[in-house]
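**Q** Residue numbers (the UniProt record's numbering): 1 to 308. Quick reminder that beta carbons are idealized off the backbone N, C-alpha and C, glycines included. Remember, it's a predicted structure, so these values are computed and weren't measured experimentally. Have a look at this one.
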Amino acid sequence: MLEFRTPGFNPYAVKYSPYYDSRIAVASAANYGIVGNGRLFCLGLGPQGIVVEKTFDTNDAQYDLAWSETNENQLLVACGDGSIKMYDVGVGSEFPVANFHEHKREAFSVAWSPVTKDTFASSSWDGTVKIWSPARKESLKTLPVGNCAYSTSYCPSNPHLISCVSTDSHLRVFDLRTPISAAYHLAVKIPVHHLPHPAPPLPPSQRPPQIQTPSPPPPTTTPAEVLTHDWNKYREPIIATGGVDRAIRTFDIRNPAGGPVALLLGHEYAVRRLAWSPHAADILVSASYDMTEQEGWESRSGRGCSWA
Numbered sequence: 001m002l003e004f005r006t007p008g009f010n011p012y013a014v015k016y017s018p019y020y021d022s023r024i025a026v027a028s029a030a031n032y033g034i035v036g037n038g039r040l041f042c043l044g045l046g047p048q049g050i051v052v053e054k055t056f057d058t059n060d061a062q063y064d065l066a067w068s069e070t071n072e073n074q075l076l077v078a079c080g081d082g083s084i085k086m087y088d089v090g091v092g093s094e095f096p097v098a099n100f101h102e103h104k105r106e107a108f109s110v111a112w113s114p115v116t117k118d119t120f121a122s123s124s125w126d127g128t129v130k131i132w133s134p135a136r137k138e139s140l141k142t143l144p145v146g147n148c149a150y151s152t153s154y155c156p157s158n159p160h161l162i163s164c165v166s167t168d169s170h171l172r173v174f175d176l177r178t179p180i181s182a183a184y185h186l187a188v189k190i191p192v193h194h195l196p197h198p199a200p201p202l203p204p205s206q207r208p209p210q211i212q213t214p215s216p217p218p219p220t221t222t223p224a225e226v227l228t229h230d231w232n233k234y235r236e237p238i239i240a241t242g243g244v245d246r247a248i249r250t251f252d253i254r255n256p257a258g259g260p261v262a263l264l265l266g267h268e269y270a271v272r273r274l275a276w277s278p279h280a281a282d283i284l285v286s287a288s289y290d291m292t293e294q295e296g297w298e299s300r301s302g303r304g305c306s307w308a
């Protein structure tokens, strides 16, 4: 197993290059992102281990990154001053080749469109999601959220759908095909903290024998900040969320009022990041402030969930 340390900086995000399986990038921040500068590490994976190909320093913390889908050497970082900076690994300069700055507070998430490849999205603590083109400095569109938006993402199969999660314990999905007058493109708004609907009871003759075993504490129904989410790569309507209440939930956006399709409990502290597997429809990985990474799976029935 390869290991790379970032002395003086705490990593916030790591992403593989979509072009090379031997290149990754790490966005990091000093002092856990509370105060201080940031550093972007571009790393090469080879027979001799991990090699630093390039570093880019910023005056503020770096909270997220996204590789360009159109240029193998370019990538974006979301910064604590509200800016989105584009760097080019193939250029000798240590300065950004482009700077996109409209957010009024920390830019906490950035995502490049995997379908059209000509736009990217950012979310910020200023309560907005912005759509950008790398060819212009002004944003193409601003989607109001109303409170701190921690994470934004494109649907992996539909370029018109953009999602975000926020401090008000809601998952929002915007459909850019709708008119702006229709709630600023807001198509779906799901309260994440709602419990799943209970399954219908079995007839008495089909009920298994009752065994007295300790049961885990039930998940909270109190609204809590949602910190991360991801679209399922194989089932377009399914989105997983994680946040401060330690629970991971999956939702079907076709049924916003139906509550979570499935619930995963296993972390002891807030879930900071999660991602669906690019190779399987029923596997996801999560990372938490409890210093653990866990791999879980969701059964195709949508009810039985467990940790691996």
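Going by beta-carbon coordinates alone, are P113 and E69 separated by less than 8 angstroms?
**A** Working through the sequence shown from its first residue, we reach residue 113 at position 113. Working through the sequence shown from its first residue, we reach residue 69 at position 69. According to the sequence displayed, residue 113 carries Ser and not Pro. It is a contact, given that the beta carbons lie within the stated cut-off.
**Q** With DSSP as the reference, label P237 as helix, strand or coil.
**A** Counting from 1 along the sequence shown, the entry for residue 237 is found at position 237. Correct three-state label for P237: coil.
**Q** So is Y63 buried or exposed if we call it buried at 16+ other beta carbons inside 10 Å?
**A** Taking the first residue of the sequence shown as 1, we reach residue 63 at position 63. Y63 comes out buried.
**Q** Mind checking who Y16 pairs with in its DSSP beta bridge?
**A** As a first step, residue 16 is located in the sequence shown; it is residue number 16 there, counting from the start. Note: Y16 sits in a beta bridge opposite I24.
**Q** Taking the beta strand (DSSP E) that Q48 falls in, what are its first and last residues?
**A** The residue given as residue 48 occupies position 48 in the sequence shown. Looking at the DSSP string, Q48 is not in any beta strand (DSSP E), and its letter there is neither H nor E.
**Q** Identify, in the order they occur along the chain, each residue of the same chain with its Cβ nearer than 6 angstroms to the Cβ of H103, setting aside the five sequence neighbours on each side.
**A** Stepping through the sequence shown from its first residue, residue 103 is reached at position 103. Counting only Cβ-Cβ distances below 6 angstroms, and skipping sequence neighbours, we find G82, S124, D126.
**Q** Determine the DSSP secondary structure at N158, reduced to helix, strand or coil.
**A** Translated into positions along the sequence shown, residue 158 becomes position 158. Coil at N158, not helix or strand.
**Q** Among S277, H267, P278, A281, which one has its Cα closest to the Cα of Y289?
**A** Looking up residue 289 in the sequence shown gives position 289. The residue with the shortest Cα to Cα distance from Y289 is H267.
**Q** Measuring CA to CA, which of D57, R105, S169 is closest to T245?
**A** On the sequence shown, residue 245 is found 245 positions in, with the first residue counted as 1. A quick correction: the sequence has Asp, not Thr, at residue 245. The residue with the shortest Cα to Cα distance from D245 is S169.
**Q** Within its chain, find whatever has a CB closer than 7 angstroms to the CB of A275; leave out the 5 residues flanking it on each side and keep chain order.
**A** For the purposes of this step, residue 275 is identified with residue 275 of the sequence shown, where counting begins at 1. Excluding sequence neighbours, A275 sits near D230, L284, V285.
**Q** Let me make sure I understand the geometry here. Which of T241, K233, G243 has the alpha-carbon closest to that of A280?
**A** Sequence index remark: in the sequence shown, residue 280 carries index 280 (1-based). Comparing Cα-Cα distances from A280 to each of T241, K233, G243, the minimum goes to K233.
**Q** Closer than 6 angstroms by C-beta to P96: which residues in its own chain qualify, once you throw out the five before and the five after it? Chain order, please.
**A** Working through the sequence shown from its first residue, we reach residue 96 at position 96. Taken in chain order, the residues that qualify are K85, M86, Y87.
**Q** From this set, S28, P179, G46, which residue's C-alpha is nearest T6's C-alpha?
**A** Sequence index remark: in the sequence shown, residue 6 carries index 6 (1-based). Considering only alpha carbons, the answer is S28.
**Q** Quick one: is D64 near chain C, going by C-beta distance under 8 angstroms?
**A** Given the protein chain composition of this structure (a single chain), no chain C is represented.
**Q** In this structure, how does DSSP classify A247 when only helix, strand and coil are distinguished?
**A** Residue numbering aside, residue 247 sits at position 247 when the sequence shown is read from its first letter. It is a strand residue.
**Q** Using alpha carbons as the reference points, say which of R273, V271, A78 lies closest to residue 337.
**A** Residue 337 falls outside the range modelled here, since the chain spans only 1 to 308, and no answer is possible.
**Q** Looking at the structure shown, is N232 part of a helix, part of a strand, or coil, going by DSSP?
**A** For this step, residue 232 is matched to residue 232 along the sequence shown. DSSP places N232 in coil when its eight states are reduced to three.
**Q** Where does the unbroken beta strand (DSSP E) through T128 begin, and where does it stop?
**A** For the purposes of this step, residue 128 is taken as residue 128 along the sequence shown, with counting starting at 1. Taken as a continuous stretch (DSSP letters only), the beta strand (DSSP E) holding T128 covers 128-132.
**Q** Quick check: what's the CA-CA separation for F4 versus A135?
**A** Position 4 of the sequence shown, counting from 1, holds the residue named residue 4. Position 135 of the sequence shown, counting from 1, holds the residue named residue 135. Approximately 34 angstroms between the Cα atoms of the pair.
**Q** Go to D88, then tell me how far its beta strand (DSSP E) extends in each direction, as first and last residue.
**A** On the sequence shown, residue 88 is found 88 positions in, with the first residue counted as 1. 83-88 is the extent of the beta strand (DSSP E) around D88.
**Q** Could you check whether S133 and T142 sit closer than 8 angstroms to each other, using their CB atoms as the reference points?
**A** Walking along the sequence shown from the start, residue 142 turns up at place 142. Walking along the sequence shown from the start, residue 133 turns up at place 133. Not in contact: T142 and S133 (Cβ atoms no closer than 8 angstroms).
**Q** In chain order, what residues of the same chain lie with their CB nearer than 6 angstroms to the CB of N59, ignoring the 5 residues before and after it?
**A** Here residue 59 corresponds to residue number 59 of the sequence shown, with the count starting at 1. Hits under 6 angstroms: N37.
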